[in-house]
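Quick notes on the structure that follows.
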Amino acid sequence: MSNPGPKDTVQRKPTDWKSKTMRSRIAKRYRSERNFRGIGLGAVLLSAGFLTFLLYSMLSGGLGGFQQTEVKLPIDFATSSLMIDPALLKADKDAALASADIEGITAQAADKAYGEDGSRLLSDGAWLIVQDAIVADPEILKGKTDIWVPAASPLDTAAKGSGDAASEAVVARLEKTGSIKTMFNMPFLTRADSTDPTMVGIWGAFKGSLLTMLVTIVLAFPIGVLSALYLEEYAPRNRWTDLIEVSINNLAAVPSIIFGLLGLAVFLNFMHLPRSAPLVGGLTLALMTMPVIVIAGRNAIKSVPPSIRDAALGIGASRVQVVFHHVLPLALPGILTGTIIGMARALGETAPLLMIGMRAFISAPPTGLTDPATVLPVQIFLWSDEVSKGFIEKTSAAIIILLAFLMTMNAIAIYFRNRFERRW
Amino acid sequence: MNTQTMNDIAAHQSAIVDGPLKMSARNVNVYYGAKQAIRDVSIDVTMANVTAFIGPSGCGKSTFLRTLNRMNDTVASARVEGEITLDGEDIYGSSMDVVQLRARVGMVFQKPNPFPKSIYENVAYGPRIHGLAAGKADMDQIVEQSLKRAGLWEEVKDRLVESGTALSGGQQQRLCIARAIAVDPEVILMDEPCSALDPIATAKIEELIHELRGRYAIVIVTHNMQQAARVSQRTAFFHLGHLVEYGDTSDIFTNPRETRTKDYITGRYG
Numbered sequence: 158m159s160n161p162g163p164k165d166t167v168q169r170k171p172t173d174w175k176s177k178t179m180r181s182r183i184a185k186r187y188r189s190e191r192n193f194r195g196i197g198l199g200a201v202l203l204s205a206g207f208l209t210f211l212l213y214s215m216l217s218g219g220l221g222g223f224q225q226t227e228v229k230l231p232i233d234f235a236t237s238s239l240m241i242d243p244a245l246l247k248a249d250k251d252a253a254l255a256s257a258d259i260e261g262i263t264a265q266a267a268d269k270a271y272g273e274d275g276s277r278l279l280s281d282g283a284w285l286i287v288q289d290a291i292v293a294d295p296e297i298l299k300g301k302t303d304i305w306v307p308a309a310s311p312l313d314t315a316a317k318g319s320g321d322a323a324s325e326a327v328v329a330r331l332e333k334t335g336s337i338k339t340m341f342n343m344p345f346l347t348r349a350d351s352t353d354p355t356m357v358g359i360w361g362a363f364k365g366s367l368l369t370m371l372v373t374i375v376l377a378f379p380i381g382v383l384s385a386l387y388l389e390e391y392a393p394r395n396r397w398t399d400l401i402e403v404s405i406n407n408l409a410a411v412p413s414i415i416f417g418l419l420g421l422a423v424f425l426n427f428m429h430l431p432r433s434a435p436l437v438g439g440l441t442l443a444l445m446t447m448p449v450i451v452i453a454g455r456n457a458i459k460s461v462p463p464s465i466r467d468a469a470l471g472i473g474a475s476r477v478q479v480v481f482h483h484v485l486p487l488a489l490p491g492i493l494t495g496t497i498i499g500m501a502r503a504l505g506e507t508a509p510l511l512m513i514g515m516r517a518f519i520s521a522p523p524t525g526l527t528d529p530a531t532v533l534p535v536q537i538f539l540w541s542d543e544v545s546k547g548f549i550e551k552t553s554a555a556i557i558i559l560l561a562f563l564m565t566m567n568a569i570a571i572y573f574r575n576r577f578e579r580r581w
Numbered sequence: 011m012n013t014q015t016m017n018d019i020a021a022h023q024s025a026i027v028d029g030p031l032k033m034s035a036r037n038v039n040v041y042y043g044a045k046q047a048i049r050d051v052s053i054d055v056t057m058a059n060v061t062a063f064i065g066p067s068g069c070g071k072s073t074f075l076r077t078l079n080r081m082n083d084t085v086a087s088a089r090v091e092g093e094i095t096l097d098g099e100d101i102y103g104s105s106m107d108v109v110q111l112r113a114r115v116g117m118v119f120q121k122p123n124p125f126p127k128s129i130y131e132n133v134a135y136g137p138r139i140h141g142l143a144a145g146k147a148d149m150d151q152i153v154e155q156s157l158k159r160a161g162l163w164e165e166v167k168d169r170l171v172e173s174g175t176a177l178s179g180g181q182q183q184r185l186c187i188a189r190a191i192a193v194d195p196e197v198i199l200m201d202e203p204c205s206a207l208d209p210i211a212t213a214k215i216e217e218l219i220h221e222l223r224g225r226y227a228i229v230i231v232t233h234n235m236q237q238a239a240r241v242s243q244r245t246a247f248f249h250l251g252h253l254v255e256y257g258d259t260s261d262i263f264t265n266p267r268e269t270r271t272k273d274y275i276t277g278r279y280g
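Those protein sequences? They're chains A and B, same order as listed.
Reading the first sequence from the start, the letters are residues 158 to 581 in my numbering.
Reading the second sequence from the start, the letters are residues 11 to 280 in my numbering.
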């Protein structure tokens, strides 16, 4: 069919593609492309620079936290006034140690070895190490022995090269006799909080975070995914579902401290769950994480092509079979991406946990979901508030642990996401 | 009407053997909300025949096809009035289970839509959810037979574990046909099965339709009138939601009763 179309009303000159204005136009176009690429690259480099700076300052400040300075303490138990019955020690440790003044003996030994102020060179918790050594091997009570105990905080920082002049002189003196050494701080990874920076450990907070995250994911993931599936696949489109959708979107944007207040009101004051417990922390963070998972889940489910649903329905799959055999597996990578974001945010969350009492000073790692505990970000917050200089590097070390936890968690999630990812 | 089409018709009309009545629609109206998409359509589908639905875009032929296995149930605003029976049983009645209906009345879609799973899994999925296979060996047999009937076995028998989505478009569509066949349907509905395929793949599908005709009642929606003439024994012409004319394909193409049919098949509109 030939269609002449409407007649031209205005006669236009033929376009001159080589004209000067045309050429400057093209030059401008290339220029703006170059500029855009430059700005984009600059943005990437800037963020990479910030990240490098962050990692550098964390590592340079925090690696010292994984090191511990120890001082050799020669003790002669035979001449000391220590009264411990080795037989009773085996039967009932606490009773045997109750009347023993190990703290005094330790101080005496230090004074004897290093002069008048010798006990000041040792950490306040040094006697606990002596006690542990006695419990581990009661035979040492019969004679003289050397025990390596943590050095006092000023000495520790001096040995790592950032202490005051007096402490540095002491370190130099001790080094000559070989009675000071710096080694990997294993106890830091196995202990909980303490008032003395040389005696603190991260394990309590780490375990608290682990338990809290466990509660969070066990609650938030299934409930979030099922809500998303119901809303996308089953719920009718009406005013109620619109209202629910708006509410979920708003919930995702609610400041986290509000969730803390909610947890305080509901879980502690109304349901009387134990204060400071990972259970309550996990419940509170689950409330906060769920909207994120629901939103990511709905988007992932929406992006599953309808033709797959048709195909399954067309051979007689029921709605539930369509959802669980086809839609959910295909949406899972997207859902997991949302879950990673939500969980990462929950792991780094401090404010809501302060509201439910997880900022308490807790010197023993939690053994269960209802034990009082703290979590890594709260621990960091608490340590950064301490005046003692020894806490600075401990704070950085705790941040390194938190980041390592976060990366491990994300790596696991990404591994699962890639496993479920299907190519079209 | 060109001679080629005439020849196509002549080649197949001699083969008309009217099987028993399989599906029957009486005074069917379909609404999407307030809009009426199908107006008072009555039609019979018999075994051993291919019934083609033709008509311009938006005439309701696909909509009507989807009422035959209740795929329209998934559209919240869709409403069906009238009676559609399968072997005399009302498919919209309370005694009809929609999941079983869709197994008995299979469907092949416009765009090939294999599951992003292995070729084997694509075919085995239907028999598995309906519990049709007794054990692994039985399932292997169903898969092999379905792929053979769909004319795909020779091409894929050595790579059944590969993803169904890695096949070419035409192979994917035959895989979808194998998937529909695997649940042992009585009727197969095809919604423009060749519209996304090249001419060679189209020819293969058409050939396949001929081979499947004896075993199943086939209903095919097509935009391509030559295709309707080539593959079908019965043709229904839809226009603006009405069933304008329904009869033997040879009659529709050579001697239409209605002017609208004549205008459409001679390319006056559509």
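Beta carbons are placed, not taken as given, at the ideal position from N, Cα and C, and that holds for glycine.
Of the residues B:ARG278, B:PHE248, B:THR259, which one's Cα is nearest the Cα of ASP50 of chain B?
The residue you call residue 50 of chain B lines up with position 40 of the second sequence. The shortest Cα separation from ASP50 of chain B among B:ARG278, B:PHE248, B:THR259 belongs to B:PHE248.
By DSSP's criteria, ASN39 of chain B is part of a beta bridge. Which residues make up the other side?
Numbered from 1 along the second sequence, position 29 holds the residue referred to as residue 39 of chain B. Note: ASN39 of chain B sits in a beta bridge opposite B:GLU91.
Looking only at DSSP bridge pairs, what is TRP305 of chain A linked to?
Taking the first sequence and counting its residues from 1, one reaches residue 305 of chain A at position 148. Its beta-bridge partners are A:LYS229.
Is GLN168 of chain A helix, strand or coil by DSSP?
Locating residue 168 of chain A in the first sequence gives position 11, where the first residue counts as 1. GLN168 of chain A falls in the coil class under three-state DSSP.
Exposure label - LEU312 of chain A; buried when at least 16 CB within 10 Å
Residue numbering aside, residue 312 of chain A sits at position 155 when the first sequence is read from its first letter. With 16 or more Cβ atoms within 10 Å of its Cβ, LEU312 of chain A is classed as buried.
Check this for me: beta carbons of PHE427 of chain A and MET445 of chain A, under 8 Å apart or not?
Mapped onto the first sequence, residue 427 of chain A falls at position 270. Mapped onto the first sequence, residue 445 of chain A falls at position 288. No, they are not a contact pair.
Please confirm if the region 321–331 of chain A is in contact with the region 522–534 of chain A, defined as three or more CB-CB distances below 8 Å between the two stretches.
no
Considering only residues of the same chain and omitting the five flanking positions on each side of ASP194 of chain B, which have a CB-CB separation below 6 Å?
The residue given as residue 194 of chain B occupies position 184 in the second sequence. Cβ within range, chain order: n/a, list empty.
Taking Cβ positions only, does LEU487 of chain A come closer than 8 Å to chain B?
Counting from 1 along the first sequence, the entry for residue 487 of chain A is found at position 330. Chain B contact via Cβ: present.
Could you tell me which whole alpha helix (DSSP H) segments of length 4 or greater appear in the region 344–408 of chain A?
360–386
Only counting runs of 4 or more residues, tell me where the alpha helix (DSSP H) segments fall wholly within the region 81–153 of chain B, in order along the chain.
108–114, 129–139
So that I know if they touch, is there some Cβ in chain B lying closer than 8 Å to that of LEU470 of chain A?
Working through the first sequence from its first residue, we reach residue 470 of chain A at position 313. True, the Cβ-Cβ gap to chain B drops below 8 Å.
For THR95 of chain B and SER52 of chain B, what's the separation of their Cα atoms in angstroms?
Locating residue 95 of chain B in the second sequence gives position 85, where the first residue counts as 1. Locating residue 52 of chain B in the second sequence gives position 42, where the first residue counts as 1. Distance between the alpha carbons of THR95 of chain B and SER52 of chain B: 11 Å.
Any alpha helix (DSSP H) of 4 or more consecutive residues that is wholly inside the region 490–571 of chain A:
508–512, 533–541
Rounded to whole angstroms, how far is the Cβ of ALA349 of chain A from the Cβ of GLY335 of chain A, which I believe are closer than 8 Å?
Working through the first sequence from its first residue, we reach residue 349 of chain A at position 192. Working through the first sequence from its first residue, we reach residue 335 of chain A at position 178. Not a contact, Cβ separation roughly 32 Å.
Since ALA468 of chain A and ASN123 of chain B should fall inside the 8 Å C-beta cutoff, what is the C-beta to C-beta distance between them, to a whole number of angstroms?
Taking the first sequence and counting its residues from 1, one reaches residue 468 of chain A at position 311. Taking the second sequence and counting its residues from 1, one reaches residue 123 of chain B at position 113. Yes, ALA468 of chain A and ASN123 of chain B are in contact; Cβ-Cβ is about 4 Å, under 8 Å.
Which of the three DSSP states is assigned to GLY257 of chain B in this structure?
Walking along the second sequence from the start, residue 257 of chain B turns up at place 247. Here GLY257 of chain B sits in strand by DSSP.
Give the straight-line distance between the Cα atoms of ALA481 of chain A and LEU489 of chain A, rounded to the nearest whole angstrom.
By one-based count along the first sequence, residue 481 of chain A stands at place 324. By one-based count along the first sequence, residue 489 of chain A stands at place 332. Correcting the residue type first, residue 481 of chain A is Phe in the shown sequence and not Ala. Between PHE481 of chain A and LEU489 of chain A, the C-alpha separation is close to 11 Å.
Which of helix, strand or coil DSSP assigns to LYS175 of chain A:
Against the first sequence, residue 175 of chain A aligns to sequence position 18. It is coil, neither helix nor strand.
Look at SER541 of chain A and THR552 of chain A and say whether their C-beta atoms are less than 8 Å apart.
Here residue 541 of chain A refers to the residue found at position 384 when the first sequence is read from its first residue. Here residue 552 of chain A refers to the residue found at position 395 when the first sequence is read from its first residue. Cβ distance < 8 Å, so SER541 of chain A and THR552 of chain A count as in contact.
Taking C-alpha atoms, which residue in A:PHE234, A:LEU245, A:LEU246, A:ALA248 lies nearest to GLU260 of chain A?
As a working mapping, residue 260 of chain A is identified with position 103 in the first sequence. That would be A:PHE234, whose Cα lies nearest to the Cα of GLU260 of chain A.
Sequence-distant residues of its chain with Cβ nearer than 8 Å to GLY300 of chain A (five each side left out):
Counted from its first residue, the first sequence places residue 300 of chain A at position 143. Correct list, in chain order: ASP233, PHE234, ALA235.
Please say whether ASN79 of chain B and VAL115 of chain B have beta carbons closer to each other than 8 Å?
Counted from its first residue, the second sequence places residue 115 of chain B at position 105. Counted from its first residue, the second sequence places residue 79 of chain B at position 69. The answer is yes: Cβ separation under 8 Å.
Say whether chain B places a C-beta atom closer than 8 Å to the C-beta of SER351 of chain A.
Locating residue 351 of chain A in the first sequence gives position 194, counting from the first residue. SER351 of chain A does not count as touching chain B.
ILE458 of chain A, enclosing alpha helix (DSSP H) - first and last residue:
Counting from one through the first sequence, the residue named residue 458 of chain A turns up at place 301. Here the alpha helix (DSSP H) through ILE458 of chain A covers 435–459.
Just how far apart, CA to CA, sit SER159 of chain A and TYR274 of chain B?
As a working note, residue 159 of chain A is residue 2 in the first sequence. As a working note, residue 274 of chain B is residue 264 in the second sequence. Note that SER159 of chain A has pLDDT 48, beneath the 50 cutoff, so the model's placement of it is unreliable and no number is given.
Just the C-alpha distance for ALA253 of chain A and ALA570 of chain A, rounded to the nearest angstrom, thanks.
Translated into positions along the first sequence, residue 253 of chain A becomes position 96. Translated into positions along the first sequence, residue 570 of chain A becomes position 413. Approximately 50 Å between the Cα atoms of the pair.
Please name the residues in the region 368–396 of chain A whose beta-carbon is closer than 8 Å to at least one beta-carbon of chain B, in chain order.
PRO393, ARG394
Let's test the definition: count the other Cβ atoms within 10 Å of the Cβ of TRP174 of chain A and tell me whether it reaches 16, buried, or not, exposed.
Residue 174 of chain A sits at position 17 when you count from the first residue of the first sequence. Exposed, since its Cβ has fewer than 16 Cβ neighbours within 10 Å.
Starting from the beta carbon of LYS71 of chain B, find every residue of chain A whose beta carbon is closer than 7 Å, and list them in chain order.
Position 61 of the second sequence, counted from the first residue, corresponds to residue 71 of chain B. Per Cβ cutoff of 7 Å: no residues; LYS71 of chain B is ~17 Å from chain A at best.
Here's a check: name, in chain order, each residue in its chain whose Cβ is nearer than 7 Å to the Cβ of LEU157 of chain B, leaving out the five neighbours to either side.
Working through the second sequence from its first residue, we reach residue 157 of chain B at position 147. VAL133, TRP163, VAL166, ALA188, listed in sequence order.
Near the ligand PLP: GLN288 of chain A beta-carbon under 7 Å from a heavy atom
No copy of the ligand PLP occurs in the structure displayed, which carries no ligand at all.
Taking the CB atoms as reference points, tell me whether ASP83 of chain B and GLU93 of chain B lie closer together than 8 Å.
Stepping through the second sequence from its first residue, residue 83 of chain B is reached at position 73. Stepping through the second sequence from its first residue, residue 93 of chain B is reached at position 83. Cβ atoms of ASP83 of chain B and GLU93 of chain B: not closer than 8 Å.
is_contact[GLY417 of chain A, chain B] using C-beta, thresh 8 Å:
In the first sequence, counting from the first residue as 1, residue 417 of chain A sits at position 260. Not closer than 8 Å to any Cβ of chain B, the Cβ of GLY417 of chain A fails to qualify, so no.
Chain A partners of ASN123 of chain B, CB-CB under 7 Å?
Counting from 1 along the second sequence, the entry for residue 123 of chain B is found at position 113. Here the neighbours are SER464, ILE465, ASP467, ALA468.
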